[in-house]
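S.K.: In our numbering, the protein residues as written are 1 to 308.
By construction, the Cβ of each residue, glycine as well, lies at the ideal position given by its N, Cα and C atoms.
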Ligand code: TUI
């Protein structure tokens, strides 16, 4: 299936993998790339030299294009932004902020820049400063989220900008893909489905928690601090939300969650750790290879959209 996004990125299928902290390492990025989508290394809060190593390892596993997600809350984002240029990375996506200050450097180096946005205003600003496309991410997504749903955000962003729009948040199968196309998107970005990919280094406990999640199993923590994070309900979210309701300070709650995503993804502590996943987790029932996932989604979407 060809869209402006497949043309822009030189990929076979208009499916982009989310740049998820800890989960999106070079194994997953290369597997998605080899399956014909756009794989991403999630730089998250990793030290810059670790990101460089990740890029080098991905290059060993794939000749296909892959990208890096630069998480803008990372205090090292300036260095990560430079490293992607030095390493010749073809595509950058950004999250959790406004990447305006890196735009000139990236564009000059020929990097394709795709900011993740949660509002029409930021989408328009990103187009103005030279973004090649935007990911419009609804609050169904896991992790750091905005306020609008995918169903409402995507068509409004599509109407507001000329550049291609990629839909994210709540997309987990061919039906979600087809729906996103109906809203005017030219690709989808999926995170939650890829957390359970066979190639993902996600701890088996994390995968099992996603696989057994039901539709209403996620909670949003940190909303009162303007830092909403969607994650699957557990002991940690219950404690966090109780303390948040009782007026605990941002610092106290930060301490509670320090290192908690790593705890869940890498150590498999899905009780005290942060199990970031989107609302579509309830739909995801099996661990598959990235190739199997992408083929299944494209087949189902093709039938629904009457294109193959
Ligand atoms: O970035 C994400 N999702 C993320 S980042 C992340 S890392 C993290 N880990 C632990 C604690 C806190 C963060 C986990 N999940 N998605 C893309 C996204 N970007 N969603 C929403 C936004 C966004 C929100 C506000 C982008 C820009 C923005 O405003 C920028 C501005 O300056 O107006």
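Pick out whichever of 286, 173, 4 and 193 has its Cα sitting closest to the Cα of residue 23.
M.R.: Walking along the chain shown from the start, residue 23 turns up at place 23. The shortest C-alpha separation from residue 23 is found at 193.
S.K.: Which stretch, first to last residue, makes up the beta strand (DSSP E) that contains residue 250?
M.R.: As a first step, residue 250 must be located in the chain shown, where it is residue number 250. No beta strand (DSSP E) contains residue 250, which is instead part of the alpha helix (DSSP H) from 250 to 257.
S.K.: If contact is defined by three or more beta carbon pairs under 8 Å, each pair taking one atom from either stretch, is the region 280 to 295 in contact with the region 150 to 159?
M.R.: Contact between the region 150 to 159 and the region 280 to 295 is absent, because fewer than three Cβ pairs lie under 8 Å.
S.K.: Do you know whose CA, among 51, 175, 135 and 196, lies nearest residue 87's CA?
M.R.: Here residue 87 refers to the residue found at position 87 of the chain shown. Put simply, of 51, 175, 135 and 196 the residue whose alpha carbon is nearest the alpha carbon of residue 87 is 51.
S.K.: Run through DSSP, which three-state label would residue 164 get?
M.R.: Walking along the chain shown from the start, residue 164 turns up at place 164. DSSP places residue 164 in coil when its eight states are reduced to three.
S.K.: Kindly indicate which three-state DSSP category residue 201 falls into: helix, strand or coil?
M.R.: By one-based count along the chain shown, residue 201 stands at place 201. In this structure, residue 201 counts as coil in the three-state DSSP scheme.
S.K.: If you follow the alpha helix (DSSP H) that residue 177 is in, where does it begin and where does it stop?
M.R.: Position 177 of the chain shown holds residue 177. Looking at the DSSP string, the run of the alpha helix (DSSP H) that includes residue 177 is 174 to 182.
S.K.: Determine the extent of the alpha helix (DSSP H) in which residue 45 is found, giving its start and end residues.
M.R.: Within the chain shown, the letter at position 45 stands for residue 45. Taken as a continuous stretch (DSSP letters only), residue 45 belongs to no alpha helix (DSSP H), as it is neither H nor E.
S.K.: Could you tell me whether the region 183 to 201 touches the region 282 to 290, using the rule of 3 or more Cβ pairs below 8 Å?
M.R.: yes
S.K.: Opposite residue 115 in the DSSP bridges: which residues?
M.R.: Here residue 115 is taken as the residue at index 115 of the chain shown, counted from 1. Residue 115 pairs with 94.
S.K.: Answer with buried or exposed for residue 104, where buried requires no fewer than 16 other C-beta atoms within 10 angstroms of its C-beta.
M.R.: Against the chain shown, residue 104 aligns to sequence position 104. By the 10 Å Cβ count, residue 104 comes out exposed.
S.K.: How is residue 68 classed by DSSP in three states: helix, strand or coil?
M.R.: As a working mapping, residue 68 is identified with position 68 in the chain shown. Strand, per DSSP.
S.K.: With a CB to CB cut of under 7 Å and the five nearest residues on each side skipped, what residues in its chain are close to residue 270?
M.R.: Translated into the one-based positions of the chain shown, residue 270 becomes position 270. The residues are 205, 206, 209, 234 and 264.
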